[in-house]
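Following: one structure in structure tokens, then a few remarks.
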Amino acid sequence: MSSEIKKDGNRLHITRVFQAPRPLVFSYWAQAEKLQQWSGCKDAHSCTVEMDFRVGGSFLQKMQIKNVGEFTIRGTYDEILAPERIAYHADLGGAITRVIIEFIEEGVSTRVVLTQEGLPDEFSCQMVSQGTSESFDKLDLTLTQQAASA
Amino acid sequence: MERLSRHGESQVTTLVKPFHISLPALSRHIRVLESARLVRRRRHGRLHLIQAQTAAVREAQKWIETYIAGWETSFDVLDQLLKKEQRKVQKQ
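Order-wise, the sequence lines are chains B and P.
Using my numbering, you'd call the opening residue of the first sequence number 29 and step up by one each time.
Using my numbering, you'd call the opening residue of the second sequence number 89 and step up by one each time.
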């Protein structure tokens, strides 16, 4: 099943329905050992996640990306309301992005609504400002990884 | 960016007209776009002429598309993991 994607100014909304109960879906975002199973994109051959899953707690994701090397992402949890909502912000190369994930119960399924702020304008501008297409590609991969770590 | 792409090289004072923002606010926005290489500034005497760098804009759009695709790929993996776990639970 594919996701529903909407762009609203500098916000990105991605909605996906998973055929699983809400507590189970939530656990895949809340537990490091589960999160790192799906948080790597196809170019990452190693991904580890350390997380202090509480409001004000931080997370650290390290990954080895093909042709790029190790990349690290740090973020902080702003809101946690199990199993309904998670919000965090992360610093990506000087750009702050804020991500809100909502888990909505729909019978035996769960609708996940992810809202990302800081996209596309300001953030992509900073990506482009990195200059070469090589670094652009690197940041592209980084963001993909970061997105997956949410 | 849309106006610049449509009208070509434009003065800052012309660009500000349709927006409800001040000239200094627009100037700040243009500086961000300039540092991101999405626009180029050319000075002609006291006039500052702004031109869109369409290749950079296309690259930014491509980046956004790739970024969205990254979420899709990750969600596909998560979907499979959840299905696998559900099957395990049903067997027990």
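Ideal placement from N, C-alpha and C gives every residue a C-beta, glycine not left out.
Cβ of LYS62(B) within 9 Å of any chain P Cβ: yes
Beta strand (DSSP E) segments (min. 3 residues) lying fully within the region 63 to 110 of chain B: 72 to 79, 86 to 93, 97 to 109
Per-residue contacts from ILE118(P) into chain B (C-beta, under 7 Å): None at all; the shortest Cβ gap to chain B is about 11 Å.
8 Å CB neighbourhood of GLU98(B) in its chain, flanking five on each side removed: If we look at GLU98(B) and ignore the five residues flanking it on each side, its Cβ neighbours are LYS90, MET91, GLN92.
Boundaries of the beta strand (DSSP E) in which ARG134(P) is found, first to last residue: Looking at the DSSP string, ARG134(P) is not in any beta strand (DSSP E), and its letter there is neither H nor E.
Proximity below 9 Å, CB of TYR116(B) to CB of LEU166(P): no
SER30(B) classed as buried or exposed, judged by whether at least 16 other C-beta atoms fall within 10 angstroms: exposed
Under the three-state DSSP convention, the category GLU134(B) falls into: strand
Chain-ordered chain B contacts of VAL165(P) [CB-CB under 7 Å]: At a C-beta separation below 7 Å, VAL165(P) has these neighbours in chain B: TRP66.
For GLU78(B) and ALA60(B), believed in contact at Cβ under 8 Å, the rounded distance: 6 Å
DSSP state of GLU32(B) mapped onto helix, strand, coil: strand
GLN139(P) - partner residues in DSSP beta bridges: ARG128(P)
Neighbour-count burial assignment, THR138(B), 16 or more Cβ in a 10 Å radius: buried
Beta-carbon proximity check, ILE42(B) vs LEU142(B), cutoff 9 Å: yes
Exposure label - GLY146(B); buried when at least 16 CB within 10 Å: Answer is buried; the Cβ neighbour count reaches 16.
Chain P residues whose Cβ lies nearer than 8 Å to that of ALA110(B): Going along chain P, no residue has its Cβ under 8 Å from ALA110(B), so there is no contact; the nearest lies around 17 Å.
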